[in-house]
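Line by line, the protein sequences give chains A, B, C and D.
This note's numbering applies: residue 22 is where the first sequence begins, and numbers increase by one.
This note's numbering applies: residue 22 is where the second sequence begins, and numbers increase by one.
This note's numbering applies: residue 6 is where the third sequence begins, and numbers increase by one.
This note's numbering applies: residue 6 is where the fourth sequence begins, and numbers increase by one.
Glycine residues also receive a C-beta, built at the ideal position from the N, C-alpha and C atoms.
These figures come from a predicted structure and were not determined experimentally.
Structure, as structure tokens:
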Amino acid sequence: MAILCDKNSKVMVQGITGGAGKFHTERMLAYGTNIVGGVTPGKGGQVVAERPVFDTVYECVQATGADVSVIFLPAKFVKEAAIEAIRAGIKFVVVIPEHIPIHDMLYVREEAVKYGTTVIGGNTAGLITPGEANLGIMPDIAFQPGRVGTVSRSGSITYYVADTLTRTGYGETSCIGLGGDPVLGSTFAEILMKFEEDEKTKAVVMCGEIGGVYEELACEVIPKMKTHVLAMIGGLYAPPGKRMGHAGAIVEGKMGTAQDKLNMLANAGAHPCKTFLDIPDTLKKLGV
Amino acid sequence: MAILCDKNSKVMVQGITGGAGKFHTERMLAYGTNIVGGVTPGKGGQVVAERPVFDTVYECVQATGADVSVIFLPAKFVKEAAIEAIRAGIKFVVVIPEHIPIHDMLYVREEAVKYGTTVIGGNTAGLITPGEANLGIMPDIAFQPGRVGTVSRSGSITYYVADTLTRTGYGETSCIGLGGDPVLGSTFAEILMKFEEDEKTKAVVMCGEIGGVYEELACEVIPKMKTHVLAMIGGLYAPPGKRMGHAGAIVEGKMGTAQDKLNMLANAGAHPCKTFLDIPDTLKKLGV
Amino acid sequence: MRLYEFEGKELFKKFKIPVMEARVASTPDEVYKAVSEMNIPVVLKSQVLTGGRGKAGGIKFAEGANEARTVAEELLKLEIKGYPVEKILIEPKVAIKQEYYLGVTIDRAKYKLVIIASGDGGVDIEETAEKNPDKIVKKEVSINEDLYTFDALLLAKQMGIPQELAKEGAAIIVRLLTMFKKYDAKLAEINPLVLTADGQLIAADARVSLDDDATFRHPDLADLNVEHRHEEGEMTPREKQATEWGIPYLDLDGNIGMFPGGAGFGIMGNDFVHHFGGKPANFMDSGGGPSPERIAKMLVLLDENPNVKAIFGARFGGISRCDDFAKGVLIFLNEHGLSKPMVFRMTGNMWQEGVRIFEEAKKENPAMFEHIEFHGIETPIEEIAKRAVELAEEAGA
Amino acid sequence: MRLYEFEGKELFKKFKIPVMEARVASTPDEVYKAVSEMNIPVVLKSQVLTGGRGKAGGIKFAEGANEARTVAEELLKLEIKGYPVEKILIEPKVAIKQEYYLGVTIDRAKYKLVIIASGDGGVDIEETAEKNPDKIVKKEVSINEDLYTFDALLLAKQMGIPQELAKEGAAIIVRLLTMFKKYDAKLAEINPLVLTADGQLIAADARVSLDDDATFRHPDLADLNVEHRHEEGEMTPREKQATEWGIPYLDLDGNIGMFPGGAGFGIMGNDFVHHFGGKPANFMDSGGGPSPERIAKMLVLLDENPNVKAIFGARFGGISRCDDFAKGVLIFLNEHGLSKPMVFRMTGNMWQEGVRIFEEAKKENPAMFEHIEFHGIETPIEEIAKRAVELAEEAGA
């Protein structure tokens with residue numbers, strides 16, 4: 022089992038005719054991902070990587086039954102593309118590009134909540150369900166089917182964690198890049214709960230970072246979870262970040278250091294790790 | 022019993038400090054309507070007809086528990102006022118002014134549906150539940166508690182129908198002015214269904230008019246109703262109205278004459294009446 | 006408020022909906038001058054606020070300025086469904102490959118805006134809608150929602166715009182809806198939207214109706230020379246007079262002057278007159294809460310109408326007050342005087358005060374009330390209608 | 006992108022949020038001239054992109070032009086939290102009756118805009134929020150919803166604006182939110198919003214941060230002289246160089262040059278260096294899919310930094326390609342040359358091709374690789390970090 026995408030998912034690519042879109046479509050196909058088509062407005066009727074290109078997501082869904090979409094488009098087109106996918110019935114949207122305007126992501130989130138769609142990113146490396154599907158830009162070298170899930174704000178950290186899990190024989194169920202942008206399509210808490218519902222996932226490694234609010238939100242769900250949660254936070258040695266004005270402090274509370282975040286997560290029941298090598302040690306102790 | 026407003030309803034008036042607002046507040050109070058306060062932004066703290074004035078509906082609802090609002094404001098302020106009332110939890114909003122911009126009413130309707138609020142008008146004479154509450158601008162002389170409900174697009178027709186019902190001893194449960202504007206807060210069908218749920222209402226007189234689509238919509242619910250429906254349509258001798266462009270014809274279908282509307286209603290199970298004097302005759306036949 | 010085609014196209018231009026470079030002219034000489042300058046074959050389109058212009062011969066072609074002048078002379082003599090042609094829109098004649106239909110209106114039953122599109126545009130679109138409904142594409146949009154380009158692109162494709170122009174078509178759809186919302190439109194129709202032989206999409210006609218009740222927020226319409234006007238057609242002198250006074254009024258062909266309270270009874274009162282064998286001379290609406298001055302003016306309109314043989318009045322005071330009604334009638338009687346028989350019924354809000362005013366005035370000047378019969382709540386309105394028919398018959402005899 | 010107070014107030018003006026008639030000056034003479042013309046007592050406010058300006062003595066009063074010049078001389082010598090004062094905003098000195106707080110920001114946890122208001126404005130607002138949370142009013146607004154005047158009126162009253170000014174206060178709230186949405190703001194703060202002794206509401210300060218990622222749709226910001234700039238503060242020469250090259254880069258005080266792939270490992274790699282007893286000389290982010298030229302420039306920044314004793318590289322090819330990475334390193338080695346020891350690990354997308362490129366180049370010119378140790382997936386990244394710390398220690402010794 023896996024979360025959000027597996028070998029049966031029907032994947033489409035928005036921006037499939039662009040340079041990055043085409044390159045990664047071929048890579049994802051090479052991995053065995055079930056890509057059924059793509060969309061580029063105005064280029065309907067073309068063929069990329071032997072897959073049909075449509076003008077609109079609606080047409081692609083009608084013709085192919087796509088239920089997952091990966092977006093490879095310039096940041097300024099992401100808002101419309103994501104909303105188009107959501108409204109056309111896509112249930113999982115992966116926003117690869119970075120620097121999505123924050124207000125745009127707020128619009129996307131409103132639609133996602135309304136339609137019950139999961140969006141990850143912007144600025145995510147994507148999702149990989151080892152041996153089944155690779156959505157986005159992750160290198161396949163680090164991944165192997167197994168029993169630990171990962172969710173991280175950073176693509177590079179995802180690779181290192183998977184690399185570690187693979188090398189030590191645990192392997193991965195699904196690995197999710199939450200995304201590096203300041204406002205993200207999903208929160209750690211939401212992805213953790215998806216892993217909680219996945220029987221095959223015995224533990225989840227969540228890798229946060231200094232800044233933002235998503236790690237703190239995770240503390241609300243970890244105590245309710247049966248699945249073990251291992252937590253890493255980047256920026257333990259960085260000075261505390263700066264809040265935006267008084268308003269930021271009033272809305273999001275005092276800014277903690279990365280260490281504060283790690284402590285909060287530990288208090289909520291997560292198992293803190295400082296380097297990647299702590300991960301297999303901890304899993305071993307937990308009997309995973 | 023009654024629909025939408027009775028002696029227990031807590032009524033507020035939006036625009037209570039204006040000329041018409043004040044005049045009709047006093048009239049409604051004189052009838053015994055349970056008016057608990059009013060709103061005029063910027064005039065909070067004043068007193069009109071011994072009732073407190075607030076700046077916002079929220080404050081009025083908090084202080085008085087108001088659940089019904091009657092709006093006496095210039096047309097261009099109605100959109101905000103109605104949405105304010107709906108969002109503050111008011112369950113029945115009466116829009117007295119006429120010439121509300123159509124797009125504004127569409128916004129109001131979106132909110133009303135979202136919050137489950139009933140809006141009548143614009144350009145309605147209001148609602149009267151004889152002996153209990155008088156909302157709006159209806160003269161009380163024509164009304165008397167009884168067993169027939171009325172719903173009409175026109176205020177003047179409401180008076181004549183009630184006058185007839187009162188004179189012939191049937192009396193009224195509640196009399197509703199749907200409103201004369203082209204886009205209305207409620208449809209005949211919705212109000213008919215409310216009468217259907219009212220045990221005391223033995224029959225409903227619905228008075229439509231040439232033009233518009235609301236009479237046709239009523240034909241969808243009349244066959245499901247146990248309560249008798251009597252139907253009058255104004256404009257039987259008028260030439261058929263003109264549709265707006267092809268779009269109007271495509272969306273709303275071919276424009277019928279008033280006679281066509283009356284025939285449709287009769288086919289749906291309503292009892293057609295040509296003059297007010299037909300009403301008591303029909304009720305008698307139906308054994309109401 | 007319906008706009009002329011050339012006005013609608015000014016609005017289109019503002020929203021970058023493509024239209025042809027065009028001229029407007031009011032005389033054959035102006036037409037000659039314009040076509041001389043354009044120096045290409047043209048189409049001359051009569052500007053009237055009604056449909057069916059093409060079938061009525063209101064659209065003609067001309068190869069050059071001389072022919073255009075001759076054609077214009079004919080057009081400017083035309084009356085289309087009773088509307089005289091006073092302006093002509095001159096546009097280049099283009100070769101047309103395909104005609105589409107694109108319209109936006111309001112679905113009052115669903116409380117939504119609706120975009121309607123078809124690959125089968127032109128004069129027979131309503132027939133298409135009836136006989137081949139699958140050739141019509143509809144898309145509902147909530148008033149508080151934007152139309153996204155992807156929705157528009159799908160519509161453009163569904164209406165059959167060729168792939169290479171679909172994005173352009175989508176942009177036109179988005180812009181038409183934007184215009185619709187921005188200007189409080191009731192209808193915005195491009196029929197036909199043409200695909201020219203040289204591959205351009207152009208709005209070849211424009212039918213736009215705006216909401217009169219929302220013009221207060223569009224003062225900039227004046228810059229487009231769009232003025233407030235009747236929904237359709239020209240008015241009779243009396244209708245013009247009534248419009249100046251702010252009274253909704255229409256001349257009809259009967260002989261009973263209708264002096265009702267409220268638009269609802271205005272309509273149904275006319276039915277009653279028919280029902281009892283009479284014919285109304287007019288439709289009128291007092292509006293909510295008319296002032297005494299307005300009441301007086303309503304009576305002036307009827308009294309000065311030579312077709313009116315008797316006046317049928319009804320006042321049920323709701324937002325209106327019977328005392329104001331009585332005062333208005335008195336103003337009329339004092340300042341103008343009544344030359345026809347009148348029967349009316351008055352009840353409702355402040356009716357006792359109204360009766361008091363009348364009785365006092367009658368005591369002072371009984372002659373003034375000679376032709377007036379007035380009733381209260383005790384008389385059914387049907388009786389009043391019957392009596393008005395009788396009075397008209399007597400007067401007409 | 007944070008705006009200076011005077012820039013924020015330009016935006017306020019555009020949205021009719023009331024601000025004082027003000028001048029901006031960069032020299033004591035300009036200040037003298039401005040205050041001579043204003044000819045009233047003034048307040049001189051240092052323009053710096055940081056808070057705490059008042060407590061640091063950055064705000065001074067002056068009765069006339071001479072005093073203003075003297076005060077300006079002092080202010081222009083000030084450094085506030087490391088930021089030199091280069092501009093002064095000159096405003097009339099007004100008597101203040103009450104200070105309010107009004108701010109709009111984004112609640113990232115709830116994905117909503119939040120309006121925050123308080124009757125207790127001024128520098129201690131955060132303390133108020135913590136100790137007297139009931140003195141803070143919050144209102145969440147969805148991005149696709151308008152704020153209605155009635156909501157704003159309620160907020161204005163709840164924040165304690167007097168009844169007679171509540172409508173004016175509500176208008177300011179609506180306008181601030183409109184500005185926030187129109188310009189893709191992350192923060193818009195008026196602190197304090199003052200009620201002057203003569204009964205006016207005025208935005209006495211402006212703190213506005215806009216979303217750098219959305220400036221593409223606000224070309225008009227240039228008219229306000231609002232330029233793209235660092236979030237806070239001035240840059241070191243190397244940071245300026247990196248910014249010109251489009252590379253996110255920050256100087257730190259250690260001696261290990263950090264050459265990571267991705268921002269995530271950029272942060273965590275620094276932690277690892279600390280963890281193994283070293284100290285990074287910098288933070289850097291390659292950005293997604295860097296070109297070989299960009300890779301080369303990243304290395305130039307590190308090699309030319311005298312504090313850097315050793316370089317720690319890591320490349321996990323995701324959107325980036327290891328062949329591009331290898332090509333970039335080669336460009337650097339060929340055009341610039343490496344003067345420090347470097348250890349790196351390379352794996353992921355196209356790693357075999359990357360290895361091939363390196364090995365070919367090494368065969369051709371082994372000397373060029375003398376200071377380079379490179380590893381693949383078989384070595385845990387922790388080992389690389391450890392080795393970098395060792396190399397720096399050796400080089401520093």
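Residues that residue i contacts on chain C, provided the C-beta gap is smaller than 8 Å
i, result
"I231(B)", "I272"
"K97(B)", "F221, R222"
Burial state of residue i (16 or more Cβ within 10 Å)
i, result
"K102(D)", "exposed"
"T241(C)", "exposed"
"G308(B)", "exposed"
"F113(A)", "buried"
"A84(B)", "exposed"
"P62(B)", "buried"
Contact belief for residue i with residue j at Cβ below 8 Å, rounded distance in angstroms
i, j, result
"G323(C)", "P160(B)", "6 Å"
"Q35(B)", "V68(B)", "Going by Cβ atoms, the distance from Q35(B) to V68(B) rounds to 16 Å, so no, they are not a contact pair."
"I93(C)", "L49(C)", "5 Å"
"G206(A)", "M126(A)", "7 Å"
"I254(B)", "E237(B)", "Their Cβ separation, rounded to whole angstroms, is 11 Å, which puts I254(B) and E237(B) out of contact at 8 Å."
"A96(A)", "M33(A)", "A96(A) to M33(A), Cβ: 20 Å. No contact."
"G142(A)", "G200(A)", "4 Å"
"E211(A)", "M246(A)", "Contact flag wrong, Cβ pair sits at about 13 Å."
Within 9 Å, strictly: CB atoms of residue i and residue j
i, j, result
"M355(C)", "D329(C)", "yes"
"T189(B)", "P301(B)", "yes"
"L206(C)", "P23(C)", "yes"
"A211(D)", "M164(D)", "no"
"A315(D)", "K345(D)", "yes"
"G87(D)", "Y106(D)", "no"
"R72(A)", "L94(A)", "no"
"Y116(C)", "E131(B)", "yes"
"A331(D)", "I362(D)", "yes"
"I252(C)", "L306(C)", "yes"
"V204(A)", "R7(D)", "no"
Per-residue contacts from residue i into chain C (C-beta, under 9 Å)
i, result
"S173(B)", "G269"
Neighbour list for residue i in chain D, Cβ cutoff strictly below 7 Å
i, result
"T296(A)", "F277, H280, E387"
Within chain G, partners of residue i - CB distance below 7 Å
i, result
"E105(A)", "You won't find chain G in this structure, because its protein chains are A, B, C and D."
Contacts that residue i makes with chain A (C-beta to C-beta distance below 8 Å)
i, result
"A122(C)", "Within 8 Å Cβ-Cβ: nothing; A122(C) doesn't reach chain A, min ~15 Å."
"K172(C)", "P62, G63"
Interface residues of chain D facing residue i [CB-CB closer than 8 Å]
i, result
"G256(A)", "I272, M273, N275, D276"
"V78(B)", "F155"
**Asked** On the three-pair Cβ rule with 8 Å, is the region 175–188 of chain A touching the region 94–101 of chain A?
**Response** Cβ pair count under 8 Å is below three, so no.
**Asked** Hey, is the region 116–129 of chain B in contact with the region 210–222 of chain C, meaning 3+ C-beta pairs nearer than 8 Å?
**Response** Yes: at least three Cβ pairs fall under 8 Å.
**Asked** How about the region 31–39 of chain C and the region 64–74 of chain C: do they share at least three Cβ pairs that are nearer than 8 Å?
**Response** A contact is defined here as three or more CB-CB pairs under 8 Å, and the region 31–39 of chain C meets this definition with respect to the region 64–74 of chain C.
**Message:** Count Cβ pairs between the region 223–232 of chain B and the region 142–157 of chain B that sit closer than 8 Å; are there 3 or more?
**Reply:** Contact check between the region 223–232 of chain B and the region 142–157 of chain B: fewer than three CB pairs, one atom from each, fall below 8 Å, which does not count as touching.
**Item:** Meets three-Cβ-pair contact criterion under 8 Å: the region 253–263 of chain C and the region 275–294 of chain C
**Value:** By the C-beta criterion, the region 253–263 of chain C is judged to be in contact with the region 275–294 of chain C, since at least 3 inter-stretch pairs fall below 8 Å.
**Request:** Specify whether the region 163–176 of chain B and the region 37–45 of chain B touch according to this definition: at least 3 beta carbon pairs, one from each stretch, less than 8 Å apart.
**Result:** The region 163–176 of chain B vs the region 37–45 of chain B: no contact.
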